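Undergrad:
Numbering (my numbering), first residue to last: 701 to 1003.
#1: Which runs of the beta strand (DSSP E) fall wholly inside the region 757-836 and span at least 3 residues, in chain order?
#2: In the DSSP assignment, what are the bridge partners of residue 858?
#3: Closer than 7 Å by C-beta to residue 939: which residues in its own chain qualify, once you throw out the five before and the five after it? Chain order, please.
#4: Name the DSSP bridge partner or partners of residue 745?
#5: Measuring CA to CA, which of 792, 783, 744 and 756 is closest to residue 772?
#6: Taking residue 936 as the reference, which of 912, 913, 956 and 822 has the closest Cα?
#7: Go to residue 958, then tell me how far its alpha helix (DSSP H) extends in each direction, as first and last residue.
#8: Using the Cβ count rule (16 or more neighbours within 10 Å means buried), how would you classify residue 715?
#9: In whole angstroms, give me the CA-to-CA distance for residue 765 and residue 740.
#10: Between the C-alpha atoms of residue 995 and residue 951, what's the straight-line distance to the nearest angstrom?
#11: Could you tell me which residues DSSP pairs with residue 709 in its beta bridges?
#12: Is the beta carbon of residue 795 less than 8 Å from the beta carbon of residue 809?
#13: Mapping DSSP to helix, strand and coil, what is residue 946?
#14: Since residue 898 is in the alpha helix (DSSP H), which residue starts that stretch and which ends it?
#15: Quick one: measure Cβ to Cβ for residue 887 and residue 914, integer angstroms, because I've assumed they're closer than 8 Å.
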């Protein structure tokens, strides 16, 4: 086999609906690790700090016994909220410290959805942007998190996300124009880009100098169209299955992988399928389906 793109697939507790560590509906963490192992994927993001055991002396052996290593993980925090800055920075320190101890590479910054922006997810024309003063404070907080990651030997990458203050193309462009690349790279998420009306293939070319990490995610075109037409909020779209197994949606994954290969991207792409933790769908079956779809796109027979 010859590799078309030097991309290592990873999994995430997000596919099991784990966005918040303290959600009582979360599945047991050992079940999630067992099912990631069963999927055949050997790399993972850790999910929100506090979901898996936070002591690396406990978590490290749990990963090792399953043949798993970590690429890093995300912090899904209210970066927008001035009153919660100390809390957000504390989570950044805890998350970075755990990833460092487990030899991971990335701290992924994901802002939490706001009530105002949740209501206009996927609809740029209806979305209210941050005012200048709020945006300055937001950028300074992002820089502080980037510094914390760097102090722990990690690369900070920003993840554009539906229903947040950095969702649409103008907002993503402005963020990267105002925060130095040395401080912050990009986690390109194909699904959240498509949800926001941004073509992921075009985005790879547009942000080629910032992409350090990738999330592979697909979007159900029927659900997306209905969400836009009927003005659904982000959480309703998630509950209705806007994200689907890779290959079943509208994202052009041959184009995505071809563009990443042409770019010379070498790194981890984490498969995610955002869903509620009590979804009736089967996360392991969906992850296996996504891996099965991606595997032939990532390699070809030698001639």
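Just so you know, even glycine gets a beta-carbon here, dropped at the ideal spot from N, CA and C. Since this is a predicted model, take the numbers as computed values, not measurements.
TA: On the basis of the supplied data:
#1: Entirely contained in the region 757-836, the beta strand (DSSP E) runs reaching 3 residues are, in chain order, 769-777 and 806-811.
#2: 809 and 886, per the DSSP bridge assignment.
#3: If the five residues before and after residue 939 are omitted, its C-beta is found closer than 7 Å to the C-beta atoms of 976, all from its own chain and listed in chain order.
#4: DSSP output for residue 745 lists 772 as bridge partner(s).
#5: Looking only at 792, 783, 744 and 756, the smallest Cα-Cα distance to residue 772 is reached by 744.
#6: In this structure, 822 is the residue among 912, 913, 956 and 822 with its C-alpha nearest to the C-alpha of residue 936.
#7: It spans 953-963 - the alpha helix (DSSP H) in which residue 958 sits, taken as one unbroken run.
#8: That one is buried.
#9: Those two C-alpha atoms are separated by around 14 Å.
#10: Going from the Cα of residue 995 to the Cα of residue 951 covers about 16 Å.
#11: Its beta-bridge partners are 969.
#12: With respect to residue 809, residue 795 sits apart: the two C-beta atoms are not nearer than 8 Å.
#13: Reduced to three states, the DSSP call for residue 946 is coil.
#14: No alpha helix (DSSP H) holds residue 898; DSSP gives it neither H nor E.
#15: Contact annotation, residue 887 with residue 914: C-beta distance approximately 7 Å; criterion of less than 8 Å satisfied.
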